[in-house]
Amino acid sequence: MHWIKKCQGFLFLLLSTTACYSQGSLKGKICDSIQVPVPFATLALLKQSDSSLVKGTLSDENGLYSFTDLAVGIYRIKVVALGFREQLSDTFRIDSTMHLSLAPIRISSSGHSLNEVSVSAIRQTIEFKNGNITVNVENSPLAKGNTVYDLLYKMPGVSIDANTITLQGKSGVIILIDGRTQQVSGSQLLTLLKSMNAESVEKIEILKNPPARYDASGTSGMIDIKTKKVHLLGISGSVYSSLSEGTFGNVLSGLSLNYKTKKITLFSGLDYTYNDTWVFETLNRKVTNGGNQTALNESNTHLQTGAWYNYKAGADWNPDKKNTLGFKIEGESGSSLANGNGTNTISGFNDLGFDHLQALQQVPDSWGLLNNNIHAEHLFDTSGTALNFSADYTILSEKTSSYNASRFYDAADQEVLPANVFQTSNNSLTRILASKLDFSKHVNPTTSFESGLKLSSVDAGNQFLFEKFDNTTSLFYTDTSQTHQFSYTESTVAAYFNYLKSFGKLNGQFGLRAENTQMQARSSGSTFRLNRNYLNLFPNISIQYDKSNNHNFQLNLNRRIDRPEYASLSPFRDYHDQYSYGQGNPFLLPHYSNSIEFTHSYKKMLVNSLSYTRIENVMLGYTEQNDTSKVLVENIKNMDYSESYTYSFFLQLDITQWWAMSANVVASYLTYKGDIRGKPFFTDGLYYNGYMTHTLLLPEKIKLELNSFYRGPKYNGIVLVKERWMFSLALKRTFFQGKFDCSVGITDIFNSGAFHTQTTVGNQDWRYYATIDSRRFVLSVHYNFGKLKLSISDKSSNEEEKGRLKH
Numbered sequence: 002m003h004w005i006k007k008c009q010g011f012l013f014l015l016l017s018t019t020a021c022y023s024q025g026s027l028k029g030k031i032c033d034s035i036q037v038p039v040p041f042a043t044l045a046l047l048k049q050s051d052s053s054l055v056k057g058t059l060s061d062e063n064g065l066y067s068f069t070d071l072a073v074g075i076y077r078i079k080v081v082a083l084g085f086r087e088q089l090s091d092t093f094r095i096d097s098t099m100h101l102s103l104a105p106i107r108i109s110s111s112g113h114s115l116n117e118v119s120v121s122a123i124r125q126t127i128e129f130k131n132g133n134i135t136v137n138v139e140n141s142p143l144a145k146g147n148t149v150y151d152l153l154y155k156m157p158g159v160s161i162d163a164n165t166i167t168l169q170g171k172s173g174v175i176i177l178i179d180g181r182t183q184q185v186s187g188s189q190l191l192t193l194l195k196s197m198n199a200e201s202v203e204k205i206e207i208l209k210n211p212p213a214r215y216d217a218s219g220t221s222g223m224i225d226i227k228t229k230k231v232h233l234l235g236i237s238g239s240v241y242s243s244l245s246e247g248t249f250g251n252v253l254s255g256l257s258l259n260y261k262t263k264k265i266t267l268f269s270g271l272d273y274t275y276n277d278t279w280v281f282e283t284l285n286r287k288v289t290n291g292g293n294q295t296a297l298n299e300s301n302t303h304l305q306t307g308a309w310y311n312y313k314a315g316a317d318w319n320p321d322k323k324n325t326l327g328f329k330i331e332g333e334s335g336s337s338l339a340n341g342n343g344t345n346t347i348s349g350f351n352d353l354g355f356d357h358l359q360a361l362q363q364v365p366d367s368w369g370l371l372n373n374n375i376h377a378e379h380l381f382d383t384s385g386t387a388l389n390f391s392a393d394y395t396i397l398s399e400k401t402s403s404y405n406a407s408r409f410y411d412a413a414d415q416e417v418l419p420a421n422v423f424q425t426s427n428n429s430l431t432r433i434l435a436s437k438l439d440f441s442k443h444v445n446p447t448t449s450f451e452s453g454l455k456l457s458s459v460d461a462g463n464q465f466l467f468e469k470f471d472n473t474t475s476l477f478y479t480d481t482s483q484t485h486q487f488s489y490t491e492s493t494v495a496a497y498f499n500y501l502k503s504f505g506k507l508n509g510q511f512g513l514r515a516e517n518t519q520m521q522a523r524s525s526g527s528t529f530r531l532n533r534n535y536l537n538l539f540p541n542i543s544i545q546y547d548k549s550n551n552h553n554f555q556l557n558l559n560r561r562i563d564r565p566e567y568a569s570l571s572p573f574r575d576y577h578d579q580y581s582y583g584q585g586n587p588f589l590l591p592h593y594s595n596s597i598e599f600t601h602s603y604k605k606m607l608v609n610s611l612s613y614t615r616i617e618n619v620m621l622g623y624t625e626q627n628d629t630s631k632v633l634v635e636n637i638k639n640m641d642y643s644e645s646y647t648y649s650f651f652l653q654l655d656i657t658q659w660w661a662m663s664a665n666v667v668a669s670y671l672t673y674k675g676d677i678r679g680k681p682f683f684t685d686g687l688y689y690n691g692y693m694t695h696t697l698l699l700p701e702k703i704k705l706e707l708n709s710f711y712r713g714p715k716y717n718g719i720v721l722v723k724e725r726w727m728f729s730l731a732l733k734r735t736f737f738q739g740k741f742d743c744s745v746g747i748t749d750i751f752n753s754g755a756f757h758t759q760t761t762v763g764n765q766d767w768r769y770y771a772t773i774d775s776r777r778f779v780l781s782v783h784y785n786f787g788k789l790k791l792s793i794s795d796k797s798s799n800e801e802e803k804g805r806l807k808h
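Position 161 (the sequence shown) corresponds to 162 in the numbering used here; numbering is contiguous.
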């Protein structure tokens, strides 16, 4: 298995890079035993003291290489190339301003021909750094044929409960794509994530303690989905197609095409998704009124068919080594049709006048999202002093309609009451303009700082029409009590400063962000008017102590905010059937969190952390029930507070040269305090979840990956989310020197990913159960073309604003 060890190092070194804050540099040449240059060899710059990796690079077509921005120290270079033996250079020293030229490094043949050498490696699936987690998705078999939504299900500490994404048991997660916050959340955020193919993702960063340069939103942290940014010299790109088969078949396909010269990079991409989603759900309720108990047992089958296009195109221009200018246009266009058919049966005490009702719902939805971005960067020196500017203009338009019909029958299936039929139409338009300016300065190898400004403006509007069917005239008429025009505007000015200082083994970071927000909301269907103006300060402190190469300690403190999603402020009703609906709350206020976390890392393979978070004025979804009408309403309001005490354990281990595993366990004690209709409640409980991935290198260039997770029971306010678990398996085989690969897999092997919630708080006693079409067989093929990799710029300014959109 000696070749496995070599190739494992090859891929790891190729994909690794570490930042340094100095001006030392070196250059040299790689050649064979007869002085012939060796092109495209992999080089790793190692510290002489502990052989830890500092930087990685490739030699060019003439065997030349260079390293820049090097700190003072003593180093060696490790060289790996196909057909040659692994080689270590002699040690050498770099001073602060030294520009060193090394003698050629000569490497000898391994005695194998190229077709005898197999390049396979286990790249660490999960990496831990500065209290944050990076999950490397690229080349993972489980990414093949899956969507980003499927990937999030498998992330350590991440849970998806109904339409809410939580991190380590805490809500308030902000989703970013390439550093830009997505203004989609709830069910519509999940729709967006389901339209993104995992083939386009390089890695997912779970940021539990984002520094001050990020927007202050996200009380439990951020999840940044990094798409592939590597493009090749000349013409390059990739094509892929995946078919997944469960109850219904789904298709994911895409194409990326790029062109690179020395000064210009052009890039483009198009992804297509066709998705049939099947859900079977039941809601069983017990309503007690005047000593009499009525049971309402509801069952529904939903089938949603949709097609989505994601596209992007842009260019970067480098007129010289110090300046970059670029633009990017990206968007999404899609439509879907959801059909629901259900029965609600009444038993026990029945004063409703019918035995059961049949509910029919049709919801067509169409939307278009367009984001325009321009960005520029100027480098003042080679040590990293830089000025960055970016501006974004985003437009989201959507039209959603619904047709709802409830028909009432007796036990003999005879219609006994007039049908209740209504239809709705909601036209929404949101415009976001945002820009930011960031400056970073490396004062010396131990000191640096960054600062910046951001301006943003949001203009959102909804036109909601509610029409009821008149059984006498057989015509629809407008219900003016539920028809509204709702508008929302918001402007924010933000500034931040972040200071980083090293004292030997001790590294400190202090950041402060200030945000001033002005907002207005109006509703034409009522006298509702709302005006707010508030200024907030958000400190961020991180202290890291590197006791030795094996032990690292870190203390993080931060204050963050979550603002209401735009759609959560809208008072419109979204009916499920005659006896249940959801609605927003225009009086929602932001909530604030204060967190502290202590982390210990051992050899970057074993990590333990303890954290405490308190969220004041916590926004919380809940249900309330009218015992007389039997109607259940899903609402959202500001409760008193929420607290969490969390322990996290992370392990990443190479069991053998061909078998690697990672595991993450999170245990939290969660509390919520608030009131519903003036009646106080307090819920608490222990929440725990576990995540494990095994990656194995098999003969014939086959990689096997087994992924599993367990989510324990957890209270979200008054709602108890029951436990669930899932196993997934995938195999990948590469061909043609790694350019073509084929994967097969099964997600949710035991069909155990069902979703189950319940509550018995106050006058409510209900249980909800949903089964989704999650056990699927996946077949995927992927082809890359091109030779040399290099990255493109991707800067944006509308991170926080886009995260609160819906479509």
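All C-beta atoms, glycine included, are put in the ideal place defined by N, C-alpha and C.
**OP:** Between the Cα of Thr306 and those of Gly763, Thr69, Thr248 and Lys204, spot the shortest distance and give me the residue it belongs to.
**Re:** Cα-wise, what sits closest to Thr306 is Thr248.
**OP:** Using only alpha-carbon positions, find the residue among Phe423, Asn427, Gly675 and Lys28 that is nearest to Ala568.
**Re:** Asn427
Original post:
According to DSSP, which residues form a beta bridge with Thr43?
Top reply: In DSSP, Thr43 forms a bridge with Leu59 and Val81.
**OP:** Output the boundary residues of the beta strand (DSSP E) element that contains Ile175.
**Re:** Val174 to Ile178
Subject >> Coarse secondary structure for Leu153, derived from DSSP in three states >> reply: helix
Subject >> Member of Phe381, Gly763, Asn345 and Ser336 whose CA lies at the smallest distance from the CA of Pro365 >> reply: Ser336
Original post:
In terms of residue numbering, what span does the beta strand (DSSP E) encompassing Leu434 cover?
Top reply: Note, Leu434: beta strand (DSSP E), Glu416 to Asn445.
Original post:
Under the rule that 16 or more other beta-carbon atoms within 10 Å means buried, what is Thr182, buried or exposed?
Top reply: Per the 10 Å Cβ criterion, buried.
Original post:
Are the segment 769-784 and the segment 753-761 touching, with three or more C-beta to C-beta distances below 8 Å?
Top reply: Judged by Cβ distances under 8 Å, the segment 769-784 makes contact with the segment 753-761, as three or more pairs qualify.
Original post:
Taking DSSP as the reference, what is the three-state secondary structure of Ala813?
Top reply: Not covered by the structure: residue 813. The range shown for the chain is 2 to 808.
Subject >> Ser488 - containing beta strand (DSSP E), residue span >> reply: His485 to Phe504
Original post:
Taking C-alpha atoms, which residue in Gln486, Tyr489 and Leu513 lies nearest to Asn499?
Top reply: Leu513
**OP:** May I have the straight-line CA-CA distance separating Thr629 from Asp774, to the nearest angstrom?
**Re:** 36 Å
Original post:
Going by DSSP, which residues form a beta bridge with Glu516?
Top reply: Ala495 and Asn537
**OP:** Pick helix, strand or coil for Ser569, following the three-state DSSP scheme.
**Re:** helix
Subject >> Same chain only: Cβ atoms within 6 Å of Ser543, ignoring 5 sequence neighbours per side >> reply: Gln510 and Asn557
Original post:
Is there at least one Cβ from chain D nearer than 8 Å to Asn463's Cβ?
Top reply: No chain D is present in this structure, which holds just one protein chain.
Original post:
Exposed or buried, what is Gly25 when buried is set at 16 or more other beta-carbons lying within 10 Å of its beta-carbon?
Top reply: buried
Original post:
Where do the ends of the beta strand (DSSP E) carrying Asp578 lie?
Top reply: Here the beta strand (DSSP E) through Asp578 covers Arg574 to Asp578.
Original post:
According to DSSP, is Ser482 helix, strand or coil?
Top reply: It is coil, neither helix nor strand.
**OP:** Please report how far the alpha carbon of Ile347 lies from the alpha carbon of Leu654, in whole angstroms.
**Re:** 55 Å
Original post:
By how many angstroms is the C-alpha of Leu698 removed from the C-alpha of Lys6?
Top reply: Residue placement at Lys6 cannot be trusted, given a pLDDT of 41 that sits under 50; what the coordinates show is reported in the next sentence. Distance between the alpha carbons of Lys6 and Leu698: 11 Å.
Original post:
Is the Cβ-Cβ distance between Ala104 and Arg561 less than 8 Å?
Top reply: no
Original post:
If we count Cβ pairs, one from each stretch, closer than 8 Å, do we get three or more for the segment 390-402 versus the segment 366-376?
Top reply: Touching, yes, given that three or more Cβ pairs across the two stretches are closer than 8 Å.
**OP:** With distances taken Cα to Cα, identify the nearest neighbour of Thr481 among Gln464, Thr474 and Leu607.
**Re:** Gln464
**OP:** Report all residues from its chain with a CB closer than 6 Å to the CB of Lys313; omit the five preceding and five following residues, and keep chain order.
**Re:** Gly270 and Glu331
**OP:** Quick one: grab the DSSP three-state call for Ala104.
**Re:** The answer is coil: DSSP assigns Ala104 none of H, G, I, E or B.
Original post:
Looking at the structure shown, is Leu194 part of a helix, part of a strand, or coil, going by DSSP?
Top reply: Correct three-state label for Leu194: helix.
Subject >> Euclidean distance between Cα positions of Phe736 and Asp742 >> reply: 6 Å
**OP:** Determine contact between the segment 211-228 and the segment 716-723, defined as no fewer than three beta-carbon pairs at a distance below 8 Å.
**Re:** no
**OP:** For Gln565, count neighbouring C-beta atoms within 10 Å of its own C-beta (all shown protein chains included) and say buried if the count is 16 or more, exposed if not.
**Re:** Here residue 565 is Pro; the residue named in the question, Gln, does not match the sequence. That one is buried.
Original post:
Would you say Leu194 and Leu153 are within 8 Å of each other, going by their C-beta atoms?
Top reply: yes
Original post:
Taking just the CA atoms, how far does Ser475 sit from Asp277?
Top reply: 34 Å
Subject >> Three-state secondary structure assigned by DSSP to Ala199 >> reply: helix
Subject >> DSSP three-state assignment for Val459, whether helix, strand or coil >> reply: The answer is strand: DSSP assigns Val459 an E or B state.
**OP:** May I ask you to list the residues that DSSP assigns as paired with Arg564?
**Re:** Per DSSP, none; premise fails for Arg564.
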